[in-house]
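S.K.: Before I ask anything, here is the structure I am working with.
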Amino acid sequence: MCMVIFAPIFAICAFATCGGYHGYLQVKVDCSAQRQNNLSINIDFGYPFRLQQIHFKAPLCDTSREEVVFLNGDFSAAAQFFVTVGVLAFLYSFFATFVYVFYQNKYLKNNRGPLVDFLVTVTFSLMWLLSSCCWAKSLTDIKAATNPTEVLLLIASCREKENRCATTQEPLWSRLNTSTVFGFLNAILWSGNIWFVFKETGWYKTGQRYPSRTSSRKRSSEMRERLYSESSFDQPDDSFGPFRQDSFTESRGDYDKQFERQASINQSQVSFSLPETYLGKAVIYERENKVASQGPVIFVNEM
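Residues -16 to -1, 1 to 287 (mature numbering (1 follows the signal peptide of the UniProt record, and there is no 0)) are what the sequence shown spells out, left to right.
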């Protein structure tokens, strides 16, 4: 199954890129009173993205004091939900792989394993889709909350026109963008795996085992027509064809033999039909009251 191969890998990539993120933002404040110049402020944030708890100290150019500034927003719910779904999906896919390999007979026994697998696959498909959408929206809000322009507006000294504030380093978002992509890939992967798991359930096998009446009637009629056509056309050729051929060959053989005999007889007649001579009795022929001479007469028999 595709889930056995790709699901654990995609799940690890999804929750690892989100859960292990660490962002870094650096701004610089330049006061016009020249009391405190070129002060760099480092702002660190990361998972679970509770930005309202992240604070830093910024100088007050009017006095020698410093103020504590907090970021805005709490995006921990969407981030933790996304990571939790990834961890659970990885554990389940690893467990399913172990069952497929070593306990295949128990998995198919009484059709309970495929049914449970089907329900869990549908649940994870919906959870991946929901968590990915929520995390994508939260990531957009995190980028807006940590935008250098918004952060500089939180500092009181930067809101004064005579002071100069700038950003020296911005956070990198490629890792969090990758986590969002892997989230939607997991949703597609688990959704596509629903069909393969459904084929292992008894519902699909029942539908294949007991077809509809119309289809069964069509199949039976087609089978009857096929059997009738085979019995009516193929069987006589098979049953009588050899006999006809044998009888034809026998009759032809007899005719050839008869023809040979007739030819031999004719040949013998021709070969022995030479003129034969034999002696007969003396016959007296009378012609015009005259008596012919008597004596032996030779007759020639011409065939």
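Positions of the beta carbon are idealized from the N, C-alpha and C atoms, including for glycine.
In this text, all values refer to a predicted model and were calculated from it rather than measured experimentally.
Residue range of the alpha helix (DSSP H) that R49 falls in?
M.R.: Taken as a continuous stretch (DSSP letters only), R49 belongs to no alpha helix (DSSP H), as it is neither H nor E.
S.K.: Which same chain residues end up closer than 8 Å to L44 when comparing Cβ atoms and leaving out the 5 residues on each side of it in sequence?
M.R.: Hits under 8 Å: E50, E51, A140 and S141.
S.K.: Does the Cβ-Cβ distance between I126 and F59 come in under 8 Å?
M.R.: Cβ distance < 8 Å, so I126 and F59 count as in contact.
S.K.: So is N26 buried or exposed if we call it buried at 16+ other beta carbons inside 10 Å?
M.R.: Exposed is the call here.
S.K.: So, is F232 buried or exposed, given that buried needs 16 or more other C-beta atoms within 10 angstroms?
M.R.: In this prediction, F232 scores a pLDDT of 42, lower than 50, which makes its location untrustworthy; the coordinate-derived value is nonetheless stated afterwards. By the neighbour-count rule (16 or more Cβ atoms within 10 Å), F232 is not buried but exposed.
S.K.: Mind checking which residues open and close the beta strand (DSSP E) that includes F166?
M.R.: Looking at the DSSP string, F166 is not in any beta strand (DSSP E); the run it does join, the alpha helix (DSSP H), is S158 to F182.
S.K.: Give every residue of the same chain whose Cβ lies closer than 7 Å to the Cβ of N170, excluding the five residues on either side of it in the sequence, and list them in chain order.
M.R.: Taken in chain order, the residues that qualify are F(-7), A(-6), A(-3), A73 and W112.
S.K.: Indicate whether the contact test is met: 3 or more Cβ pairs, each with one atom in the segment 171 to 181 and one in the segment 99 to 113, closer than 8 Å.
M.R.: Contact holds: three or more Cβ-Cβ distances are below 8 Å.
S.K.: Thinking C-alpha only, which one of Q36, T164, D28 and T151 is nearest V11?
M.R.: Comparing Cα positions, the closest option is T151.
S.K.: Can you check which of these residues, F(-11), I(-12), T1 and P(-9), is closest to V165 by C-alpha distance?
M.R.: Of the listed residues, the one whose Cα sits closest to V165 is T1.
S.K.: Under the assumption that S116 contacts A63 (Cβ atoms under 8 Å), give the Cβ distance between them as a whole number of angstroms.
M.R.: In fact, because the Cβ distance is near 12 Å, the residues do not count as touching under 8 Å.
S.K.: Alpha carbon to alpha carbon, what distance is there between A(-10) and L75?
M.R.: Computed Cα separation, rounded: 10 Å.
S.K.: Given a cut-off of 8 Å on the beta-carbon distance, is the pair L55 and T162 in contact?
M.R.: Going by C-beta atoms, L55 is not nearer than 8 Å to T162.
S.K.: What runs of the alpha helix (DSSP H), each 4 residues or longer, lie entirely inside the segment 82 to 130?
M.R.: Qualifying alpha helix (DSSP H) stretches, in chain order: 88 to 92 and 96 to 129.
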